Amino acid sequence: MINYKDLGYSAFKALDFENAKLYFSLAINKTNKEEIYFLINLCELAKSQNKEAHMLFDFYMFSKDELNLEELNSIFDEIEHTSFEESIDNIIKSEDAVTYDEFKNIVLKKVNFKDGLEGVMVSTKLIIQNTQSFLDFIEHLLDNGLESTGVEYFESFLQINGSAYPKAKFIAQKIKDYENRSKK
291 MINYKDLGYS AFKALDFENA KLYFSLAINK TNKEEIYFLI NLCELAKSQN
341 KEAHMLFDFY MFSKDELNLE ELNSIFDEIE HTSFEESIDN IIKSEDAVTY
391 DEFKNIVLKK VNFKDGLEGV MVSTKLIIQN TQSFLDFIEH LLDNGLESTG
441 VEYFESFLQI NGSAYPKAKF IAQKIKDYEN RSKK
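This note's numbering numbers the first residue of the sequence shown as 291 and each following residue consecutively.
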């Protein structure tokens, strides 16, 4: 019988992450599902952060007999989170971008939202770093005559994140109210 998990290990070590993912997915069963998901995610991480993923893989291989997936997933999340924040910081520095928080704290003190947004969009990139800021941005779009743009962004947000956030429900109601006013 073919041991797909071992083939996945070999492919990972050979830097063949696509085949490693394939082999790991073929090795899945009821008892190892969480472990296999971890390995598949590790393959994805290795594409962008090879060194960190390999260190975590080595740690996994060393400790797999006494496997603590909670600890491994915690380390994985920390690596992924750190990488995301570093990527955002690098983009902000290299692209002369402005974060939404900077936009609110600096630009909006001088001009209104719509004029400030137009100025920023022409001259630089606006980076929104978290869900709450994105929802706040959408709300400001709706409140400042940019309803169609706000609705488009909100629909995209719902597809990715769903409507579990309280502010998302508030914005949905705001859009309904806007649509009802438009029909009259």
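In this text, a Cβ means the ideal position worked out from N, Cα and C, and glycines have one as well.
Quick caveat: nothing in here was measured; it's all calculated off a predicted structure.
Check: Near residue 366, which residues of its chain fall below 8 Å by C-beta distance, leaving aside the five closest residues on each side in sequence?
Finding: 328, 331, 332, 335, 346
Notebook entry, point to check: Taking just the CA atoms, how far does residue 416 sit from residue 449?
Noted result: 21 Å
Check: How would you write the range of the alpha helix (DSSP H) that residue 443 sits in, first residue to last?
Finding: 437-451
Margin query: Within 8 Å, do at least three Cβ pairs link the stretch 316-324 to the stretch 338-352?
Written below: no
Check: Which value, in whole angstroms, describes the spacing of the CA atoms of residue 408 and residue 395?
Finding: 16 Å
Next item on the list: Tell me whether residue 417 sits in a helix, a strand or coil according to DSSP, three-state version.
Entry: strand
Check: So, helix, strand or coil for residue 410, using DSSP?
Finding: helix
Margin query: Quick test of the definition: if touching needs 3 or more C-beta pairs under 8 Å, does the stretch 457-471 touch the stretch 426-437?
Written below: yes
Next item on the list: Please name the residue in 388, 446, 406, 437 whose C-alpha comes closest to that of residue 419.
Entry: 388
Checklist line | Rounded C-alpha distance that separates residue 382 from residue 470 | finding: Residue confidence for residue 382 is low, a pLDDT of 49 falling below 50, so the modelled location carries little weight; the figure read from the coordinates is stated next. Rounded to the nearest angstrom, the two C-alpha atoms are 39 Å apart.
Notebook entry, point to check: On the premise that residue 397 lies in contact with residue 410, defined as a C-beta separation below 8 Å, what is that separation, rounded to the nearest angstrom?
Noted result: 6 Å
Item checked: Between the CA atoms of residue 473 and residue 440 - distance to the nearest angstrom -> 18 Å
Next item on the list: Would you identify the three-state DSSP class for residue 382, choosing helix, strand or coil?
Entry: With a pLDDT of 49 at residue 382, under the threshold of 50, the modelled position of this residue cannot be trusted; read the value that follows with caution. In this structure, residue 382 counts as helix in the three-state DSSP scheme.
Margin query: Contact defined as beta carbons within less than 8 Å: I believe residue 430 pairs with residue 447. What is the distance between those atoms, to the nearest angstrom?
Written below: Residue 430 to residue 447, Cβ: 14 Å. No contact.
Margin query: Relative to the C-alpha of residue 434, which candidate in 464, 364, 421 has its C-alpha closest?
Written below: 464
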